[in-house]
Amino acid sequence: MAAVQGGMVDEKEEVDIKTEPQSDGLMNTNATDGRQLSPSPSSSSSAGSTKSAAGAPEDQQTLLAVLQFLRKNKLTESVEILRREAGLPEDALDTKGADCSAPSSGGTAGGVDGLDAGSLLSRVAVSSSAGTPAPTKAAVADDQPDVSVVLSAYSQQGDPALYKVYYSDLKKFIESVLDCHRAELSQVFYPLFVHMYLELVYNNHESEAKAFFEKFSGDQECYYEDDLRVLSSLTKKEHMRGNETLLDFRTSKFVLRISRDSYQLLKRHLQERQNNQIWNIIQEHLYIDIFDGMPRSKSQIDAMSGSLAGEAKREANKAKVYYGLLKEPEIEVPLDDEDEEAENEEGKPKKKKPKKDSMGSKSKKQDPNAPLQNRIPLPELKDSDKLDKIMYMKESTKRIRLGRENLPSICFYTFLNAYQGLTAVDFTDDSSLIAGGFADSTVRVWSVTPKKLRKVKSAADLNLIDKESDDVLERIMDEKTASESKILYGHSGPVYGISFSPDRNYLLSCSEDGTVRLWSLLTFTCLVGYKGHNYPVWDTQFSPYGYYFVSGGHDRVARLWATDHYQPLRIFAGHLADVTCTRFHPNSNYVVTGSSDRTIRLWDVLTGNCVRIFTGHKGPIHTLAFSPNGKFLASGATDGRVLLWDIGHGLMVSELKGHTDTVYALRFSRDGEILASGSMDNTVRLWDAAKAFDDLETDDFTAATGHIHLQDNSQELLLGTYMSKSTPVVHLHFTRRNLLLAAGSYAA
Amino acid sequence: MAEREERRFAQVSRESVALMAESAGVELGEEMAAVLAEDVCYRLREAAQSCSQFMKHAKRKKLTVEDFNRALRWSNVEAVCGYGAQDALPFRSGKEGELFFVDDREINLIELALATNIPKGCAETMVRVNVAYLDGKGGVELQGAVPTAVQSLSDDLLKYYQQITRAILGDDPHLMKVKSVSHDLEQLNRLLHMVRSLVQNPYLYLGSYVRSLVSSVMYCILEPLAASINPLNDHWTLRDYAALLLSNIFWTHGDLVSGLYHQILLSLQKVLSDPVRPLCSHYGAVVGLHALGWKAVEKVLFPHLPAYWANLQAVLDDYSVSNAQVKADGHKVYGAILVAVERLLKMKALSLSHPGEWCFNAQTGSLAAAVGYSSPGLSPPPESLSEAAFGIASHLQAGSGGCPWEEWAPVSLPAMYLELYSFFGDSLAVRFSTGPGLDSPPYCPSALLREPKKEALGQGSNSDTARKMPQLTANLSISPRRDGSPRTDPPPPSLAAAGPGRSLPRSSSAQRSRYSSSRSAQRLTGLPRDVFPKARFASPQNGPPTFSFVIGGRQMGQRCQGRRPFQTVFAPTPPPAAVPPRAYAHKLPVIGRVGKPVRRWTCSHYSLLLPL
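Each protein sequence line maps, in turn, to chains A and Z. Position one of the first sequence corresponds to residue 16 (the working numbering), numbered consecutively onward. Position one of the second sequence corresponds to residue -19 (the working numbering), numbered consecutively onward.
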């Protein structure tokens, strides 16, 4: 149940707790258009202090609302557990029914445990639907709490004909302010536009809405085009009900970062003009993150904006992230004997090197940024794992040192006769196996080495084996089944994600059918089907230490699983749209998810909290990659750009422009010097990651404000562009010796 | 921004909704239909929006019916079945124009189920690995960096360049090299067309690029392309086209590169004289020469012919099954040479008829002497002058060094004819056919009399030969010629000098008639006349310009036939001196095919040559 709570905690965070706009909204409830706006600068400055006080009760309210929802759906057990977990008294929900008459109490009493759920709900309604007449509120509280409440916020009436006037008035004003403020204030346009449009639609002013849209949609930034298209298809109140994009807009506040000066300017203007309509929207639907200091430039703003819900709040990226690597377990390397034979002359220097390496990893113990070794429980190493580690070390001594002058060789694995059906590819870490997920629901595994794939013998045959023999592992394999490839049948929809376990014994696949499946690569059968996502699952990945895995899908949540649990351990909820890709941090303590809401979120596996939100992509994110040292993250999206992020500081580091189509694959070389990106445009590009990270100078100011200055140095960082032969690059992988493997299916 | 405002969504009209409701047996009010229509539109948009994510996650660029059905299924709507096929569905309108529908043919399931020709399963999905780039520099130019020449272009032009390369080569700019696409005739064709448009663009100064263009084209003409391996590929047409293009380039831009002409000739000659090269290369060389004009043919092909002929003959005389393909190729070459030579003769005759030249020639009385060069005879130009191997890259490297042809004198027309006749026999003469009666009506009756019998005989092989002939005529079209009506050319001035050779033409005409009789069925009326043989008789007395050639080959397509009359007339002429050519020439009608008809032809009683 802890998992569910993890998710809940996060959802609570999502509920915005900034009080300033809300209190203003409440006051405006009674305000007619003629009246002076009530809030003054002083009230906004006091917001900080009231916030913490009001935060707790709001959490409570949400919790109660959830409880009521559960109860209504007869999930009594869940209600019980959730209440116990949340520490609510037994009767928190029991007195339901006697309440709706007293909505006014909701406004005053914050954080009283004894509040009954009905009034709580109506309070939610009040706070989020400023200006709604009381009767509707009561009605709303009775039926579905979520959707109608959300929509009722738009019932606010204004003269539909004046919307255009309001908007163009504001536009004129913003265009006339000083240059330095203009860029910042222009951020307001898009959310305002959307909300005004939705208000018009909601209030059945269809023709006005259309006219409004036509007049102003052209002014919006081009990266909002996709959303605008959705919006333009929406012209009726009835349509709003089921529309997800709309719900996103309504449930989450659009976050803007504006300097104090600019904000004051805007506020003064709106007050002078008595432009209540707009002011209300700003209060209700926008979260303005005010900072002191110089206003940001247009390029600075553009770099960070583009997501569905504006930028990340500064507080969202303040939590400490332990991005360091875990200490490698010490393994006595018994490689000497074989090695010496293998490389007689050079044997000695080589022999020492791995030892030194292991010494080096010992000294890493003090890495202040690393999480505690036992922060999350990790599986113990098996003998086979140790052998593999030894192999890894051996291989890494032969690794080619890459760099600007020394680019990797590229091997291309082309899937032939796939008939456009290849949807996912993965390599094992040692590059011995390759697996493909296909649109025809199959998963196929190939052996890349001459060693063929064999199944384990049947149970009856296994009984006959001498279990004491040294080569028992060899004997259990059925020679008759040896083949170059195996096909795994089980899914009932396209396989969108695929991942090998680090020990190469398992394979994960996730599919449109809503399940994640665990396959054994010893028997080539399905072991478990994890059902939890009720919608297509877009991506899944094993933890670098095995055992755990993460999945994300159309239901907008990412889930953390353990292979031996059929239910998820954590649910990471917060994205406003599909979770399109999921990746584990190298230290397994964090999970990063990319979404089609154009944000990237970093989640703490231990607490389930969202610890980073990265905005800046202008399209759905389709691939993510951590640098081997765990400090940086690379992300690729449909906009064809690759962005680099500093996890510790929560900042964008670099923007790599070059691809002309969706970036579907990203991978750092083993030593982190080179970043390879593969795209739909049939190219692999290599970027100088080392240079991008070295040039980085993070001063305290930048870290504190989150204002970044990106130089446009994509061309400098681009080391090479490598064309494939009309084959989109779906997956990239660096072998342990730093040979780059790329994979894709030939598109005839 | 403008496009964004104009909403390009699918619309379902209220009429359609009403209609559908009606078909389902529900009566809808006007208002209801309107509301429904609007809702349907919205739902459609919604589904369209949500199905795109399935496409994106499947890493495809193409939205499939399957994607759409998935979106429907996830929004609890029944999927639309029956449209999963990959090919596009034709959307047609009914005759009234009001009705639009998808073609939905009935399929006989029984037939399908009981069909014996069950299609084999599609090829197994597999993984192929190749090292694409070594140390990041696999192919320097393969890295997607545009060629240096292109880099200096302005942005607009660069975009244009990319568009063009994409349009021509598909998505892969690396295929710019002709060599790399030698397996794909279509690509090559497209490439050639691109070259043509480049050449024809009057606003383009090609400058030094002519060289590279020519080298590409030459490649198409001469190289044994990968596509040639499969006999089904029609690489011949490609070569023809390339040859035409070559001449085009040469005539329009030849001045840009000094010595281009000679370089081309050199390379062609080199190929021709290389017996190791496959026949398709030789064919290319011949066609190329032909396209460059009769002078080129005269300078290169003609002198080289004796040497070459032996090889060709060997190929053609080999009747073994394994040789069939090569033999067919050999016939192609044969045909090409024939055409080239024919043109050579005609053009030469024409040029000689030119007044100025004519007088000169007439006075000298002997053509060979008339031209007055030191004639090296019929031998090809000295080998030493020929350039190094004519690979695609090498053939233009050589500057305009020695031009061996400069000093080389043309052979006299009759001598040439004789020489050629010794190779081709009558099939050459066929080329100079008769037109409808010029001045020999007397022969008509006999011709008509003979005709029927001839028919009977010819019929047997008719189908074969008729089918084969177009291949030869296709070659003709390479060089633009004045088509159509039989043309009369002044004869060579000093036919008397060629007296001894007279017999040859005559026999050739006879032979030709046999050959042409294969097509005699097509001929309706025969008032034809073979002027050439006649001229032979006439010339001694008449002096030069009294008679003319009629080009028969030209008319093949126009059902010109009927040399029969001539055969009767000239039957008494002495047999041809050279037997070998005849032996070969009679096989011509069945080029590429060895069958009974041939034999029947050879022992035909109607052959006028046999009794001789």
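A virtual CB, placed ideally from N, CA and C, is assigned to each residue, including glycine. Quantities reported herein were computed from a predicted structural model and do not represent experimental measurements.
Same chain, Cβ closer than 7 Å to residue i, neighbours up to 5 away in sequence not counted
i, result
"A:Gly645", "Tyr338, Gly339, Leu340, His600, Pro601, Asn602"
"Z:Val595", "Nothing can be reported for residue 595 of chain Z, as the shown portion of chain Z is limited to -19 through 592."
"Z:Gly379", "Any reading at Z:Gly379 must be qualified, since the residue scores a pLDDT of 38, below 50, and its modelled position is unreliable; no value is offered."
"Z:Leu358", "A caution first: Z:Leu358 carries a pLDDT of 38, below 50, which makes its placement in the model unreliable, though a value can still be read off. Here the set comprises Pro283, Pro286, Val391, Glu399."
"Z:His585", "Confidence at Z:His585 is low in this model, with a pLDDT of 36, below 50, so its placement is unreliable and the value that follows should be read with caution. Cβ neighbours of Z:His585 beyond the five flanking positions: none."
"A:Leu754", "Pro423, Ser424, Cys426"
Limits of the unbroken alpha helix (DSSP H) element including residue i
i, result
"Z:Cys21", "10 to 37"
"Z:Ala265", "259 to 272"
"A:His284", "275 to 288"
"A:Gly257", "252 to 257"
"A:Thr91", "91 to 101"
"A:Val606", "Element bounds for A:Val606: not the alpha helix (DSSP H) but the beta strand (DSSP E), 605 to 610."
"Z:Tyr241", "240 to 252"
"A:His196", "194 to 201"
N-terminal and C-terminal residue of the beta strand (DSSP E) that residue i is part of
i, result
"A:Ile723", "Segment: none, A:Ile723 is in no beta strand (DSSP E) and carries neither H nor E."
"A:Tyr302", "301 to 306"
"A:Glu494", "492 to 498"
"A:Cys625", "625 to 630"
"A:Cys596", "594 to 599"
"A:Met738", "733 to 738"
"A:Arg419", "That residue, A:Arg419, is in no beta strand (DSSP E); it is neither H nor E in DSSP."
Beta bridge counterpart(s) of residue i as assigned by DSSP
i, result
"A:Gly325", "A:Val270"
"A:Val552", "A:Gly568"
"A:Cys426", "A:Leu756, Z:Val111"
"A:Cys525", "A:Gly512, A:Val531"
"Z:Val82", "Z:Phe71"
"A:Glu236", "According to DSSP, which records beta bridges pairwise, A:Glu236 is partnered with nothing at all."
"A:Thr540", "A:Ser535"
"A:Met667", "A:Trp660"
Close Cβ partners of residue i (< 8 Å) along its chain, the five nearest in sequence each way excluded
i, result
"A:Arg490", "Ile480, Asp481, Ser484"
"Z:Glu7", "Ala1"
Any non-hydrogen atom of the ligand ATP within 6 Å of residue i CB
i, result
"A:Thr496", "The ligand ATP is not among the ligands present in this structure, which contains no ligands whatsoever."
Same chain, Cβ closer than 6 Å to residue i, neighbours up to 5 away in sequence not counted
i, result
"A:Leu503", "Val458, Trp534"
"Z:Val(-3)", "Ala13, Leu16, Ala17"
| query | Can you list, in chain order, the residues of the segment 413 to 429 of chain A whose Cβ is nearer than 8 Å to any Cβ on chain Z? | reply | Asn421, Leu422, Pro423, Ser424, Ile425, Cys426, Phe427, Tyr428, Thr429
| message | So if I threshold CB-CB distances at 9 Å, which residues from the segment 430 to 443 of chain A count as touching chain Z? | response | Phe430, Leu431, Asn432, Ala433, Tyr434, Gln435, Gly436, Leu437, Thr438, Ala439
| field | Given 8 Å, three or more beta-carbon pairs between the segment 230 to 245 of chain A and the segment 328 to 337 of chain A | value | no
| field | the segment 204 to 212 of chain A contacting the segment 288 to 296 of chain A, beta-carbon criterion three pairs below 8 Å | value | yes
| task | Taking 8 Å as the threshold, find out whether the segment 225 to 238 of chain A comes into contact with the segment 253 to 264 of chain A through three or more Cβ pairs. | result | no
| said: When you compare the segment 622 to 632 of chain A with the segment 694 to 701 of chain A, are there three or more beta-carbon pairs, one atom per stretch, that lie closer than 8 Å? | reply: no
| message | Under 8 Å, CB to CB, which of the residues in the segment 238 to 255 of chain A have a partner in chain Z? | response | Glu240, Leu243, Arg244, Val245, Ser247, Ser248, Leu249, Thr250, Lys251, Glu253, His254
| field | Contacting positions in the segment 182 to 215 of chain A - beta carbon closer than 7 Å to chain Z | value | none
| Cβ contact (3+ pairs, closer than 8 Å) linking the segment 509 to 517 of chain A and the segment 443 to 456 of chain A | yes
| Does the segment 275 to 287 of chain Z touch the segment 238 to 250 of chain Z, meaning 3 or more C-beta pairs lie closer than 8 Å? | yes
| field | Members of the segment 9 to 22 of chain Z that neighbour chain A once the beta carbon cut-off is set at 8 Å | value | Glu18, Asp19, Tyr22
| Near-chain Z residues of the segment 729 to 747 of chain A - C-beta to any C-beta below 8 Å | Leu734, Gly735, Thr736, Tyr737, Met738, Ser739, Lys740, Ser741, Pro743, Val745
| Below 8 Å, can you find three or more Cβ-Cβ pairs linking the segment 733 to 745 of chain A to the segment 699 to 714 of chain A? | yes
| field | Residues of the segment 42 to 65 of chain Z with Cβ closer than 9 Å to any Cβ of chain A, in chain order | value | Lys42, Thr44, Glu46, Arg50, Trp54, Ser55
| field | Residues within the segment 444 to 458 of chain A neighbouring chain Z, beta-carbon criterion of under 7 Å | value | Ile449, Ala454
| Residues, ordered as in the chain, of the segment 674 to 687 of chain A that lie near chain Z by beta-carbon distance below 9 Å | Asp676, Thr677, Tyr679
| request: Can you give me, in chain order, the residues of the segment 625 to 658 of chain A that have a beta carbon less than 8 Å from any beta carbon in chain Z? | output: Pro635, His637, Thr653
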